[in-house]
Amino acid sequence: MATYAEMQQIFDDIRGDFRYDHELNGCLNCGICTATCPSAQFYDYSPREIVQLLWTENVEQIYDAMQEKIWACAQCMTCAARCPFKNSPGGLVAIMREVAIKHEMQSAKDVLRPFGRVMLKLITTGNQLSPDMIQPDHFPDWGPNIQKVEGDLRVLRKAIPVKTLQTVETAWEVSLKTSVEMYTIWEMTGVLKSLELMDENLFDVIEDFIDEKREDYEDWLEEQEEEDDD
Amino acid sequence: MSEHTPGNHNQSAQGAGAGTMKPGFHNTDGQGIAGHGSFFQATDLSREDAVKATDWVRKHVDRRTIDLGDRMDDVREHMYELEKDGQIIIHRIGDQHEPVGVKTLFGWDKQIPTKQLWHHKSCGQCGNIPGYPTSLLWFMNKFGFVPGKDYLDETDQTSCTAWNYHGSGIGNVESLAAVFLRNFHQAYVAGKQHGHELGHFFPLVHCGTSFGNYKEIRKYLVESAELREKVTKILGKLGRLVDGKLVIPEEIIHYSEWVHVMRDRIASELQTIDVSNIRTTAHVACHYYKMVHEDAIYDPDVLGGNRTAIITSTAKALGAQVIDYSTWYDCCGFGFRHIISEREFTRSFTMDRKIKVVREEANADVLLANDTGCVTTMDKNQWIGKAHEQDFQVPIMAEVQFAALACGADPFKIVQLQWHASPCEDLVEKMGISWSEAKKNFQAYLKEVEAGNIEYLYNPELAYGGKA
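Residue numbers (the working numbering), protein chains in the order written: chain B, 3 to 232; chain G, 1053 to 1520.
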């Protein structure tokens, strides 16, 4: 359990985000956000409550809501489209999630563990999912016939008449140079640092992968230079 | 905070206690806040005041209707000021892009370029529902577009990374902005290696979440000098500034907007199949029209201007029946993280609020969508409904796939329906296309593919910077 000072710091970090004043303009407690919220139908979650907690600066209950409730939000932004005050409860939740990660909250680590393979795919390849992730053994609840023609995945992908899509381990073919640029963005914006705070093992795997790709890129550049010299 | 601050209406309510809360919020035992759970107390407004308050909410809430009088800040005007001030370069839409004008939510003008497009691909579409991009490129070819001149699809593009951000919270505005500017800089310069001027290709964003995210990020970039300064350093390191400046596109364009403005040409020039017997329903992606909602296309002639025109406009143009249903406005249940790790929510919501409703209320032949997560969610989660005695099934696909079918595209080679789980064969048969014949032909084609005889929509070398 965090001290009051820690909870206050968490709240200060939330309202310190430059988007905060965009996303929170007041609250009439009308509840339209909650009435239209998909997550409110299935979870103990109410966008109105999130807005009220922030609006009233209730640091203890903000901290409580960050344990579980903020992770229920589906980020559809229906609440934002409907709010008469032009609040964005979903946008506020996004800020709160970032702050939960920054403060290494255990609840965030627990919630995000099953999401690790998406992050691994994204950070290393620049794609968020790939055909080989969408196989029956990963999604048994999708049923035995999740596609209508059986066959080798590589052949089925080759039958897509667009060259960039004939891939299995990425959604489309991303050039090595593009991936390396992406790594620079991750580093310079603190994303890799966030990942390290959340899952050190995953971070180590990704760091090794990035090092390897960068070496491949350096080798490729040298080859290009040699070819140019010739 | 004054006593008149909205949200503070319980200040003088009977039973309000001091507790540990800030003044003005009743809290009888140190738990809860005003307006929550058992602590809720009526406002005690007179009937007249209650009606007045409710009317105020109704007036401000009903923003689905085109409201010419309630104009909000237009980010594009600030962009033009920044450009005039020498701070940014705007990637403009010119006559060469053959734009078509449309109206957005508040009646603002938006130009939709129809030619010289740089395909900004979608992770979910390419990875899971490739019939989206293939149908789109097929249409462009059908209109006589020249690959490498009138459109470009290449490997120098990353994901927008927003699925991950909305799912996990890992990432931040700075990283999202840097990715946005990197990809759109590439779109701006991509024409050079094909012998064109800077800005020749204009980005066409395939994914709904990329579309919403990029528009949100563009707003922040235009409003925040600090953010621009931070990302300028990153883009500089990547070599992706032009004359030391950030390149920001004049408009963010979604593929379904291209389909929308091309719908009459699609119907009049390319349609070969009568679809007047097909009952269509629409599910528009939340991130298309609920994020930066002022930029979504509305048309008084489509659904009375009460809902975004996208998808429905295309179904109408093709002559299909447009059937309404009560949960039109609802999300699909995708949830970003939920579809991976909280699937009971995703499948329950999509069955309860989408599939069951379009089946029972609308008796739909197809539910048309315009985004990745929506099609995946609604298409893949029908089978599990049987376990809960909810055996409802509806074919799910993008409007561009349906349009391609109506124009004679091969259901497998082009529309790529083999990747769908929902009963698309029922729709195809009802359209008068033989599913079994098409499937047999495709299975024969797979043998050709194995032998290396692959058909392409454009010369593969183009993807790597080569000539068409």
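Just so it is clear, CB atoms sit at the ideal spot from N, CA and C, and this is done for glycine as well.
**Message:** According to DSSP, simplified to helix, strand and coil, what is V1154/G?
**Reply:** Residue state, collapsed to three classes: strand.
**Message:** Run through chain B and tell me which residues come within less than 8 Å of I1286/G, C-beta to C-beta.
**Reply:** T186, I187, M190, T191
**Neighbour list for Y1240/G in chain B, Cβ cutoff strictly below 8 Å** = Ordered by position in chain B, no residue passes the 8 Å Cβ test against Y1240/G, which lies about 15 Å from the chain.
**Item:** Option nearest N1224/G by Cα separation, candidates T5/B, A7/B, R21/B, L55/B
**Value:** R21/B
**Message:** Let's test the definition: count the other Cβ atoms within 10 Å of the Cβ of G118/B and tell me whether it reaches 16, buried, or not, exposed.
**Reply:** buried
**Asked** With burial defined as no fewer than 16 other Cβ atoms inside 10 Å of the residue's Cβ, what is the status of V1103/G: buried or exposed?
**Response** exposed
**Request:** Would you check if the segment 1155-1173 of chain G and the segment 99-115 of chain B touch, i.e. whether three or more CB-CB distances between them fall below 8 Å?
**Result:** no
**Prompt:** Which of helix, strand or coil does DSSP assign to Q168/B?
**Reply:** coil
**Prompt:** What residue range is occupied by the uninterrupted alpha helix (DSSP H) comprising R156/B?
**Reply:** 155-160
**Request:** Would you kindly work out how many angstroms separate the C-alpha atoms of T154/B and A1496/G, rounded to a whole number?
**Result:** A small correction: the amino acid at residue 154/B is Asp; Thr does not occupy that position in the sequence shown. Answer to the nearest angstrom: the Cα atoms are 14 Å apart.
**Message:** Contact defined as beta carbons within less than 8 Å: I believe M234/B pairs with M68/B. What is the distance between those atoms, to the nearest angstrom?
**Reply:** This structure cannot settle anything about residue 234/B, because the visible part of chain B is limited to 3 through 232.
**Request:** Quick one: grab the DSSP three-state call for R1524/G.
**Result:** For residue 1524/G there is no data in the structure shown, the boundaries of chain G being 1053 and 1520.
**Request:** Go ahead and pull the three-state DSSP assignment for K1162/G.
**Result:** Residue state, collapsed to three classes: strand.
**Item:** Residues of the segment 115-128 of chain B with Cβ closer than 7 Å to any Cβ of chain G, in chain order
**Value:** P116, F117, V120, M121, L124, G128
**Prompt:** Do we get a CB-CB distance below 9 Å when we pair V1501/G with the residues of chain B?
**Reply:** yes
**Request:** Mind reading off the beta-carbon distance from G92/B to A82/B? Whole number of angstroms is fine, and I expect it under 8 Å.
**Result:** 6 Å
**Beta-ladder partner(s) of L1256/G, from DSSP** = H1171/G
**Request:** Starting from F20/B, find everything on chain G with Cβ-Cβ shorter than 7 Å and list it in chain order.
**Result:** S1276
**Request:** Taking only beta-carbon positions, decide if M9/B is within less than 9 Å of chain G.
**Result:** no
**Message:** On a Cα-Cα basis, can you pick out the residue from C1384/G, K1368/G, A1414/G that is closest to S1378/G?
**Reply:** A1414/G
**Asked** Is there at least one Cβ from chain B nearer than 9 Å to F1077/G's Cβ?
**Response** With a pLDDT of 42 at F1077/G, under the threshold of 50, the predicted position of this residue should be treated as unreliable, though the coordinate-derived value follows. So, interface residue.
**Prompt:** On the three-pair Cβ rule with 8 Å, is the segment 1333-1340 of chain G touching the segment 1359-1368 of chain G?
**Reply:** yes
**Every unbroken beta strand (DSSP E) inside the segment 1178-1242 of chain G [3 residues or more]** = Unbroken beta strand (DSSP E) stretches of 3 residues or longer found wholly inside the segment 1178-1242 of chain G: none.
**Item:** Contact set for S41/B: own chain, Cβ-Cβ below 6 Å, skip 5 residues either direction
**Value:** Y47, A74, C75, A76
**Alpha-carbon spacing of V1257/G relative to H1306/G, whole angstroms** = 5 Å
**Prompt:** Any idea if I1312/G is buried or exposed, counting beta-carbon neighbours within 10 angstroms, 16 or more meaning buried?
**Reply:** The residue asked about is misnamed: residue 1312/G is His in this sequence, not Ile. It counts as buried.
**Prompt:** Would you say Q168/B and K160/B are within 9 Å of each other, going by their C-beta atoms?
**Reply:** yes
**Request:** Return the first residue and the last residue of the alpha helix (DSSP H) that M200/B is part of.
**Result:** 193-200
**Request:** Please name the residue or residues paired with I1140/G in a DSSP beta bridge.
**Result:** L1298/G
**Prompt:** Cβ atoms of W174/B and C1178/G: under 9 Å apart, would you say?
**Reply:** yes
**Message:** Just to confirm before moving on: does the CB-CB distance between V151/B and F1232/G stay below 9 Å?
**Reply:** no
**Asked** Once you ignore the five residues that flank C1459/G on each side, which residues in its own chain have a CB closer than 8 Å to its CB?
**Response** F1191, K1194, I1318, L1322, Q1323, T1324, I1325
**Prompt:** M1449/G by DSSP, collapsed to three states: which one?
**Reply:** It is a strand residue.
**Message:** Quick check on T1156/G - is its C-beta less than 9 Å from some C-beta in chain B?
**Reply:** no
**Request:** Could you tell me which chain B residues have their CB closer than 7 Å to the CB of W1435/G, listed as they occur along the chain?
**Result:** Within 7 Å of the CB of W1435/G, the CB atoms of chain B belong to W144, G145, in sequence order along the chain.
**Request:** Keeping to the same chain, check which residues put their C-beta closer than 7 Å to that of F1253/G; ignore five residues upstream and five downstream.
**Result:** Q1168, L1169, W1170, L1204, A1239, A1242, G1243
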